[in-house]
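Residue numbers (this note's numbering): 1062 to 1248.
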C-alpha cells in the first residue's frame, strides 16, 4: 500500500496502468506523491484513466516537466478534491463524454501543466479538464499554443517571458531548468 507522505516514481506506462488499477480498487492515495522520471509513452494502451466514479485519485502527481504521450483518452477519469496535478504535459486524443486532456472530472488542482490533446467529445469537454467541481487550474502560459523541450535538461516545459527595454524583444526561459532561449526548441 502507498503510504501518505511518501514519494513513488512512475517510469513507464506499466506504472501508470498499475496506478489506475490501484485507485480503481479503492486504495488510498491521499497525501501520496507520484512523480515522473521521464516521458511516458501510452501509445497502444487501451484504458479508462486513473480513478473511477466511485474512487477518485486523491494524491499528487508531479510530472517534473515530463509528459505522458500518446493518450487515447484522458489521463484521469476522476481527480478528487485533494488531487494536485502539476508540472505535467499530455498529448494524444480524447473522445467521448466529458473528454479532456488531463482530467475528465476535476475537483482538485491542476498547476503548471500543458495539454496538446485533440479533444473530440460530447458533454463537458476541455483541453485540461472536462468537468470542474470546486476545482482550479493555474496554468498561465504566455502563449498556450507553444510548448518547448529544453535541449539541455530534455524536459517539456512552458516558457516564461521577460520583456527587455523594447516590448518586441522577448527572452524565453525553460520552465524546468530556467535556461535561456538558446537552449529551447519549439515543438
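Every residue, glycine too, gets a C-beta built ideally from N, C-alpha and C.
Nonlocal neighbours in the same chain, by C-beta distance under 6 Å from residue i, ignoring five residues either side
| i | result |
| --- | --- |
| residue 1192 | 1159, 1166, 1185 |
| residue 1189 | 1162, 1163, 1171, 1176, 1198 |
| residue 1187 | 1161 |
| residue 1194 | 1168 |
| residue 1072 | 1098 |
| residue 1157 | 1182 |
| residue 1229 | Since pLDDT at residue 1229 reaches only 28, below the 50 mark, its modelled position is unreliable, and no value is offered. |
Terminal residues of the beta strand (DSSP E) in which residue i lies
| i | result |
| --- | --- |
| residue 1123 | 1121-1123 |
| residue 1074 | Here residue 1074 belongs to no beta strand (DSSP E); instead the alpha helix (DSSP H) covers 1074-1085. |
| residue 1094 | 1094-1097 |
| residue 1137 | 1137-1140 |
| residue 1131 | 1128-1132 |
| residue 1165 | 1164-1167 |
| residue 1172 | 1170-1172 |
| residue 1145 | 1145-1147 |
Proximity to residue i [Cα-Cα], best of the options
| i | options | result |
| --- | --- | --- |
| residue 1155 | 1088, 1069, 1109, 1100 | 1109 |
| residue 1132 | 1177, 1148, 1067 | 1177 |
| residue 1182 | 1135, 1139, 1140, 1150 | 1135 |
| residue 1106 | 1143, 1081, 1088 | 1081 |
| residue 1083 | 1187, 1117, 1127, 1123 | 1117 |
| residue 1148 | 1125, 1067, 1141 | 1125 |
| residue 1067 | 1123, 1157, 1137 | 1123 |
Cβ-based neighbour list, residue i, same chain, cut-off 7 Å, excluding 5 preceding and 5 following
| i | result |
| --- | --- |
| residue 1145 | 1121, 1169, 1170, 1172 |
| residue 1070 | 1096, 1098 |
| residue 1091 | 1065, 1119, 1120, 1143 |
| residue 1111 | 1080, 1081, 1084, 1118, 1136, 1137, 1138 |
C-beta atoms of residue i and residue j nearer than 8 Å
| i | j | result |
| --- | --- | --- |
| residue 1249 | residue 1063 | Residue 1249 is absent from the structure shown; the chain starts at 1062 and stops at 1248. |
| residue 1139 | residue 1114 | yes |
| residue 1141 | residue 1174 | no |
For residue i: DSSP bridge partner residues
| i | result |
| --- | --- |
| residue 1186 | Paired residue(s): none; residue 1186 is not in a bridge. |
| residue 1179 | 1154 |
| residue 1070 | 1096 |
| residue 1192 | 1166 |
| residue 1089 | None; residue 1089 has no bridge partner. |
Cβ-based neighbour list, residue i, same chain, cut-off 8 Å, excluding 5 preceding and 5 following
| i | result |
| --- | --- |
| residue 1103 | 1074, 1077, 1129, 1130, 1131, 1132, 1133, 1153 |
| residue 1252 | Because residue 1252 is not part of the residues shown, which for the chain are 1062 to 1248, the question remains open. |
| residue 1086 | 1116 |
| residue 1179 | 1153, 1154, 1155 |
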